[in-house]
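Trainee: Protein chains in written order, with my numbering: chain A, 3 to 123; chain B, 3 to 123.
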DNA sequence: TGAACATATGAACAAGTATTCATATGATAA
DNA sequence: TTATCATATGAATACTTGTTCATATGTTCA
């Protein structure tokens, strides 16, 4: 609790303490910001957007996507695993082929939280 | 136009040509995807979200933000320049102090495009 | 069982990025 | 003009990330 424990990185003087205090009261938690930025980060890659955009139209297997985007199967697969971890896509296997689709439930949840919005599908 | 010019990275066989063709007709352009992912990337960092979140509440100077987030002035300044380039924030100088705020006009534009949505302000 | 094929995955590498440090710029006031 | 202060910025660094290559896994079919 001593002054020593609180090492301020900011080397400048506070200009508006009232503003700082006001804003502090309504700041989202660090966890919330982390979670939210994590989600945005997933959307922050053209390949992943491409995949999501395609899956909005139709379920697809990895091979379909690799062909459509003219990318390696491996690269698509890696990105799908990112999307899988973010629970944006799900999949079901039929023999050798794995079909990916949007995880509608979780995506709906994201929209329900109010951060994203899409016009038509 | 020869076969040689079109080198396919995908080493697997197309499973569903009909699906590929269908999806191809409705894919956003590469430019659009690039632009959109670029925007998401800006939101994909907790510090930048923190700044934006704060500015939603009140205009602030760099020093205020550095204090509030307990970060170096330099780091805040660097991130502000990213937000500036994305036209998410604007600023006006009053003497030595630079005040940052949300670029409401451009943000409104982004919302108008239908990608993002916020509940209250 | 083993060959063939779709997909997954670990390691390596190149490219991108957030922060820090040092310093520059721009403004004020003495 | 010079000192001071708020902010900006370039270089360096540590870290993250997207793709590729090689290979593993899992399934089908002969």
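Beta carbons are placed, not taken as given, at the ideal position from N, Cα and C, and that holds for glycine.
Residue 50(B) by DSSP, collapsed to three states: which one?
Mentor: Taking the second chain and counting its residues from 1, the one referred to as residue 50(B) is at position 48. DSSP places residue 50(B) in helix when its eight states are reduced to three.
Trainee: Tell me the DSSP secondary structure of residue 80(A) in three-state form.
Mentor: Within the first chain, the letter at position 78 stands for residue 80(A). Correct three-state label for residue 80(A): helix.
Trainee: Does the separation of the CB atoms of residue 88(A) and residue 41(A) fall below 8 Å?
Mentor: For the purposes of this step, residue 88(A) is taken as residue 86 along the first chain, with counting starting at 1. For the purposes of this step, residue 41(A) is taken as residue 39 along the first chain, with counting starting at 1. Yes, Cβ-Cβ distance for residue 88(A) and residue 41(A) is below 8 Å.
Trainee: Along chain B, in chain order, which residues have C-beta atoms closer than 8 Å to that of residue 18(A)?
Mentor: As a first step, residue 18(A) must be located in the first chain, where it is residue number 16. Residues of chain B passing the Cβ test: 62, 63 and 66.
Trainee: Residue 86(A): which of 74(A), 104(A), 114(A) and 52(A) sits nearest, CA to CA?
Mentor: By 1-based counting over the first chain, the position of residue 86(A) is 84. The shortest C-alpha separation from residue 86(A) is found at 104(A).
Trainee: Please state whether DSSP places residue 96(B) in a helix, a strand or coil.
Mentor: In the second chain, the residue the question calls residue 96(B) occupies position 94. Three-state result, residue 96(B): strand.
Trainee: List the DSSP bridge partners of residue 62(B).
Mentor: Translated into the one-based positions of the second chain, residue 62(B) becomes position 60. Answer is 102(B).
Trainee: Hey, out of 111(B), 19(B), 55(B) and 62(B), whose CA is closest to residue 94(B)'s CA?
Mentor: Here residue 94(B) refers to the residue found at position 92 when the second chain is read from its first residue. Of the candidates 111(B), 19(B), 55(B) and 62(B), the one whose C-alpha sits nearest the C-alpha of residue 94(B) is 62(B).
Trainee: Leaving out the 5 sequence neighbours to the left and right, which residues in its chain are closer than 7 Å to residue 79(B) when beta-carbon positions are compared?
Mentor: By one-based count along the second chain, residue 79(B) stands at place 77. Only 64 meet the Cβ criterion.
Trainee: Under 8 Å, Cβ to Cβ, is there at least one residue of chain A near residue 81(B)?
Mentor: Looking up residue 81(B) in the second chain gives position 79. Not closer than 8 Å to any Cβ of chain A, the Cβ of residue 81(B) fails to qualify, so no.
Trainee: Taking residue 19(B) as the reference, which of 60(A), 24(A) and 47(A) has the closest Cα?
Mentor: Within the second chain, numbered from 1, the residue matching residue 19(B) stands at position 17. Answer by Cα proximity: 60(A).
Trainee: Which residues, in chain order, does the region 46-62 of chain B contribute to contact with chain A at a C-beta distance below 7 Å?
Mentor: From the region 46-62 of chain B, only 46, 47, 48, 51, 52, 55, 56, 59, 60 and 62 have a Cβ closer than 7 Å to chain A.
Trainee: Who are the neighbours of residue 39(A) on chain B, taking C-beta pairs under 8 Å?
Mentor: Indexing the first chain from 1 puts residue 39(A) at position 37. Ordered by position in chain B, the residues that pass the 8 Å Cβ test against residue 39(A) are 45, 46, 47, 48, 50 and 51.
Trainee: Under 8 Å between C-beta atoms, does residue 85(B) make it to chain A?
Mentor: As a first step, residue 85(B) is located in the second chain; it is residue number 83 there, counting from the start. Not closer than 8 Å to any Cβ of chain A, the Cβ of residue 85(B) fails to qualify, so no.
Trainee: If you follow the alpha helix (DSSP H) that residue 27(B) is in, where does it begin and where does it stop?
Mentor: Locating residue 27(B) in the second chain gives position 25, counting from the first residue. Element bounds for residue 27(B): 19-27.
Trainee: For residue 68(A), which residues from the same chain have a beta carbon less than 7 Å from its beta carbon, with the 5 sequence-adjacent residues on both sides left out?
Mentor: If you number the first chain from 1, residue 68(A) lands on position 66. Excluding residues within five positions, the ones whose Cβ falls inside 7 Å are 74, 75 and 78.
Trainee: DSSP has residue 91(B) in a bridge; who is on the other side?
Mentor: Within the second chain, residue 91(B) is the residue found at index 89, counting from 1. Per DSSP, 104(B).
Trainee: Comparing the C-beta of residue 75(B) with each C-beta of chain A, is any distance below 8 Å?
Mentor: Walking along the second chain from the start, residue 75(B) turns up at place 73. Yes, its Cβ sits closer than 8 Å to a Cβ of chain A.
Trainee: Assuming residue 33(B) is part of the alpha helix (DSSP H), what are its boundary residues?
Mentor: The sequence position of residue 33(B) within the second chain is 31, counting from 1. Its alpha helix (DSSP H) spans residues 32-45.
Trainee: Between residue 70(A) and residue 114(B), what straight-line distance do the alpha-carbon atoms span, to the nearest angstrom?
Mentor: The residue labelled residue 70(A) in the question sits at position 68 within the first chain. The residue labelled residue 114(B) in the question sits at position 112 within the second chain. The alpha-carbon atoms of residue 70(A) and residue 114(B) are separated by roughly 30 Å.
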